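Chains as they are written, first to last, in this note's numbering: chain A, 307 to 702; chain B, 56 to 311.
Quick reminder that beta carbons are idealized off the backbone N, C-alpha and C, glycines included.
Note that the structure is predicted; figures quoted are calculated from it, not measured.
Okay, structure first, notes after.
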Amino acid sequence: MTNPNGRFGIHGGQYIPETLMNAVIELEEAYDHYKNDEEFNNELRTLFNEYANRPSRLYYAEKMTKDLGGAKIYLKREDLNHTGAHKINNVLGQALLAKKMGKTRLIAETGAGQHGVATATAAALMGLECVVFMGEEDTKRQALNVYRMKLLGADVVPVTSGTATLKDAVSEAMREWTSRISDTHYCLGSVMGPHPFPTIVRDFQAVISKEIKEQIVEKEGRLPDAVIACVGGGSNAIGSFYHFIEDEGVRLIGCEAAGRGVDTFETAATIATGKLGIFHGMKSYFCQDEYGQIAPVYSISAGLDYPGVGPEHAYLHDINRAEYVPVTDEEAVEAFEYLAKMEGIIPAIESAHAVAHARKIAKTFDKDQIIVITVSGRGDKDCAAIARYRGEDIYE
Amino acid sequence: MSKIKNAFENKKAFIPFITCGDPDLETTKKIVKAAVDNGADLIELGIPFSDPTAEGPVIQGANLRALKGGVTTDKIFDLVRELRQDITIPMVFMTYANVVYSYGAEKFIKTCNEIGMDGIILPDLPYEEKEEFEDVCEKYDVDLISLIAPTSKNRIAMIAKEAKGFIYVVSSLGVTGMRTEIKTDLKSIVDIIKDNTDVPCAIGFGISTPEQAKKMADISDGAIVGSAIIKIIAEHGKEAAPFVGEYVKSMKDAIR
Chain A
307 MTNPNGRFGI
317 HGGQYIPETL
327 MNAVIELEEA
337 YDHYKNDEEF
347 NNELRTLFNE
357 YANRPSRLYY
367 AEKMTKDLGG
377 AKIYLKREDL
387 NHTGAHKINN
397 VLGQALLAKK
407 MGKTRLIAET
417 GAGQHGVATA
427 TAAALMGLEC
437 VVFMGEEDTK
447 RQALNVYRMK
457 LLGADVVPVT
467 SGTATLKDAV
477 SEAMREWTSR
487 ISDTHYCLGS
497 VMGPHPFPTI
507 VRDFQAVISK
517 EIKEQIVEKE
527 GRLPDAVIAC
537 VGGGSNAIGS
547 FYHFIEDEGV
557 RLIGCEAAGR
567 GVDTFETAAT
577 IATGKLGIFH
587 GMKSYFCQDE
597 YGQIAPVYSI
607 SAGLDYPGVG
617 PEHAYLHDIN
627 RAEYVPVTDE
637 EAVEAFEYLA
647 KMEGIIPAIE
657 SAHAVAHARK
667 IAKTFDKDQI
677 IVITVSGRGD
687 KDCAAIARYR
697 GEDIYE
Chain B
56 MSKIKNAFEN
66 KKAFIPFITC
76 GDPDLETTKK
86 IVKAAVDNGA
96 DLIELGIPFS
106 DPTAEGPVIQ
116 GANLRALKGG
126 VTTDKIFDLV
136 RELRQDITIP
146 MVFMTYANVV
156 YSYGAEKFIK
166 TCNEIGMDGI
176 ILPDLPYEEK
186 EEFEDVCEKY
196 DVDLISLIAP
206 TSKNRIAMIA
216 KEAKGFIYVV
226 SSLGVTGMRT
236 EIKTDLKSIV
246 DIIKDNTDVP
256 CAIGFGISTP
266 EQAKKMADIS
276 DGAIVGSAII
286 KIIAEHGKEA
296 APFVGEYVKS
306 MKDAIR
């Protein structure tokens with residue numbers, strides 16, 4: 307899908323300061339070498355299976371299926387991975403790559419904190435230094451994850467610039483990388499940023515769709531009719547979609563965070579409300595004003611609270627291969643509560659956006675059709691925030 | 056041929072950076088005039104961006120203040136029209152790729168030509184992506200300024216060979232902002248540049264004192280100063296013009 311210049315159609319590219327150019331070139335060369343290296347792939351597979359608990363389960367949600375009265379619902383349980391989300395897939399890959407490159411320090415941005423926790427985890431495991439940049443607003447929303455990162459030995463730097471959320475954490479991590487390149491790898495957490503990050507992160511997350519394909523064929527003897535995942539930058543979604551892109555009968559549906567609604571300013575639904583632009587190293591769709599100033603986006607979910615979307619998603623949208631739909635805070639919170647009561651699974655509020663859309667469309671499918679929802683993470687981290695949303699004041 | 060070379064003709068250039076609209080456009084106008092009156096050779100006008108990823112805290116602050124004050128690209132074009140009534144030295148814009156892209160690259164660069172802007176610096180547009188705006192810049196005779204960094208190494212010659220206007224040599228790793236010491240071996244970077252082009256080069260990032268400016272101008276064709284000026288503006292607000300003027304004079308005197 308990637309062409310040599312890191313483009314997905316017109317999207318992608320390398321719009322970064324000259325200071326970083328040799329760093330991304332070095333990274334691209336290292337990745338091109340190691341992605342075909344048998345020893346690297348064996349090590350990574352062992353980490354995935356023995357450390358991160360892969361393959362993750364593909365669970366048939368029987369009660370939910372009956373309740374919704376349409377398609378058979380399967381849940382891809384990325385929430386059962388070590389550290390509780392899909393983020394670990396990418397991080398183990400990048401940390402191993404960084405180590406092979408001789409880097410001794412990882413820096414990362416984080417929104418909900420899941421990527422930060424995963425990076426801190428991999429750093430602890432591999433004996434690397436770790437610094438995580440997190441919007442100050444998010445350090446409050448996700449205080450538990452801040453503590454987890456510190457417990458794992460990472461430094462957490464609260465970012466106060468801009469809107470003090472994910473986009474500002476990305477900006478700050480990029481700034482830090484320009485000041486310290488020789489020993490530091492920027493472990494970017496989503497399928498975004500300058501080439502080669504969107505490709506590297508996609509490849510490490512593609513294990514999700516590879517497993518779904520094998521598991522669903524084993525259980526049902528056929529491919530699913532739809533795969534649904536939430537999209538912020540879009541790493542769990544591209545991971546869930548990737549091996550199905552060639553299977554045109556499989557609908558690929560990405561759920562964006564609409565916040566308080568796409569007709570309000572308090573939204574983070576990039577494909578629904580954004581326009582083409584250049585930011586954070588890539589050409590893609592961004593929420594922005596008429597002069598190209600990046601919009602201060604909003605979502606109840608710190609992990610989806612980002613004003614852009616990965617370039618490969620922008621491309622899949624352009625060619626109509628994937629559909630992108632907005633899901634509001636209220637719908638996501640209802641789905642969060644629904645899955646907890648219906649299946650005994652508390653999803654991350656990010657993943658709840660995908661569950662919410664499945665609830666809307668399941669009935670439009672026949673009973674012999676199959677929907678796979680990727681539950682990208684677990685929801686323990688969100689309980690206090692959802693309680694507050696419902697007017698209950700609980701201590702974390 | 057652009058006017059930018061005039062800034063370097065038989066002299067070392069002093070290049071102040073000023074964020075448009077910090078604290079307001081009326082003050083920016085006075086500051087630019089004060090800088091020109093006190094010996095600035097080329098003016099770098101910043102169009103604020105919401106998320107300036109190459110800037111340190113000082114210039115980030117200026118961007119934020121300017122945007123809060125309601126500055127837009129169109130209002131800055133109007134400011135330049137007014138400035139051009141009596142300022143003749145070369146001027147370039149410094150902004151981010153999305154500001155140009157979202158305005159429509161052709162419309163933006165065509166306007167630059169009409170109002171008398173001589174070049175544009177986009178820190179998030181490296182050599183590999185310059186074709187994004189290169190053709191329109193050539194069409195309207197606006198120089199797309201190249202940057203060279205301490206990490207550029209094997210890329211210096213390639214960038215220098217295609218450079219237009221002047222080359223912005225980034226003195227240090229990291230973002231803009233004042234530094235007590237500049238450790239990069241800039242002399243050898245400039246030597247490679249000189250082997251590959253006649254386009255002048257000026258050093259920026261981290262320069263704040265006359266001594267630093269002199270040192271940088273001695274090994275190159277000029278010195279660029281941003282954060283130190285923005286700090287004066289942040290301190291004195293609407294009354295900043297004479298203070299910036301005085302500072303520009305001290306810097307220009309040092310490199311003369």
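When CB distances to chain B are screened at a threshold of 7 Å, the residues of the segment 567-589 of chain A falling below it are Gly583, Ile584 and Phe585, in chain order.
DSSP places methionine 306/B in the helix class (H, G or I) of the three-state scheme.
Sequence-distant partners of alanine 336/A (beyond 5 residues in either direction) whose C-beta falls short of 8 Å from its own C-beta, in its chain, are Leu403, Lys406 and Met407. Using a CB distance below 8 Å, the part of the segment 474-502 of chain A facing chain B consists of Asp474, Ser477, Met480, Arg481, Thr484, Ser485, Arg486 and Ile487, ordered along the chain. Secondary-structure assignment with DSSP links proline 464/A through a beta bridge to Met440/A.
In the DSSP assignment, isoleucine 175/B forms a beta bridge with Phe148/B and Leu199/B. Contacts between glycine 598/A and chain B, judged by CB atoms closer than 7 Å, involve Asn153, Val154, Tyr156, Ser157 and Tyr158 in chain order. Glycine 650/A is classed as exposed because its beta carbon has fewer than 16 other beta carbons within 10 Å across all chains shown.
Look at the segment 525-601 of chain A and you find these whole runs of alpha helix (DSSP H), each 4 residues long or longer: 541-547 and 576-579. Runs of the alpha helix (DSSP H) lying entirely within the segment 468-517 of chain A and spanning at least 4 residues, in chain order: 472-485 and 503-511. Cβ contact annotation for glutamate 189/B (same chain, cutoff 7 Å, sequence separation greater than five): Leu199, in chain order. Glutamine 320/A: member of the beta strand (DSSP E) spanning 317-321, first to last residue. By the CB criterion at 7 Å, isoleucine 279/B and tyrosine 302/B fall outside the cutoff.
Contact annotation: in the segment 165-196 of chain B, residues whose CB is within less than 7 Å of a CB in chain A are Pro178, Asp179, Leu180, Pro181, Glu183 and Glu184. Closest in alpha carbon position to alanine 575/A, among Pro504/A, Asn347/A and Gln594/A, is Gln594/A. Note on geometry: alpha-carbon atoms of alanine 358/A and alanine 367/A lie some 23 Å from one another.
Counting C-beta pairs closer than 8 Å gives fewer than three between the segment 418-430 of chain A and the segment 663-671 of chain A, which falls short of the contact rule. Of Thr416/A, Ala401/A, Thr371/A and Gln420/A, the smallest CA-CA separation from aspartate 385/A is found for Gln420/A.
Of the other Cβ atoms in all chains shown, fewer than 16 fall within 10 Å of the Cβ of phenylalanine 571/A; this residue is therefore exposed. Judged by beta-carbon spacing, threonine 410/A lies beyond the 7 Å limit of threonine 206/B, meaning their Cβ atoms are not closer than that value. When the alpha-carbon of lysine 88/B is set against those of Pro297/B, Asp79/B, Arg311/B and Ala215/B, the nearest one is in Pro297/B. Listed along chain A are Gln599, each with a C-beta nearer than 8 Å to that of leucine 122/B.
Here DSSP, grouped into helix, strand and coil, assigns isoleucine 248/B to helix. In the assembly as shown, arginine 508/A is a buried residue. Its beta-carbon has 16 or more other beta-carbons within 10 Å. The three-state secondary structure of proline 112/B, taken from DSSP, is helix.
Note that the C-beta distance between asparagine 118/B and isoleucine 584/A is not below 7 Å. In this model, glycine 539/A and isoleucine 577/A are separated by some 11 Å (Cα to Cα). The beta-carbon distance between phenylalanine 314/A and valine 513/A, rounded to whole angstroms, is 20 Å. This is too long to meet the 8 Å contact definition. With contacts defined as CB atoms closer than 7 Å, glycine 277/B and alanine 257/B qualify as a contacting pair.
For isoleucine 322/A, the neighbours in chain B by C-beta distance under 7 Å run, in chain order, Asp179 and Pro181.
Contact of arginine 210/B with chain A by beta-carbon distance below 8 Å involves Glu324, Met327 and Asn328.
CA-to-CA, the gap between glycine 376/A and glutamate 637/A works out to about 19 Å. Glycine 319/A has a beta carbon lying within less than 7 Å of a beta carbon in chain B.
When Tyr612/A, Ala543/A, Val681/A and Ile679/A are compared, the shortest CA-CA separation from alanine 628/A is found for Ala543/A. The beta carbons of alanine 212/B and valine 225/B sit no closer together than 7 Å. Check the Cα spacing between isoleucine 316/A and each of His501/A, Ala668/A and Asn396/A: the tightest is with His501/A.
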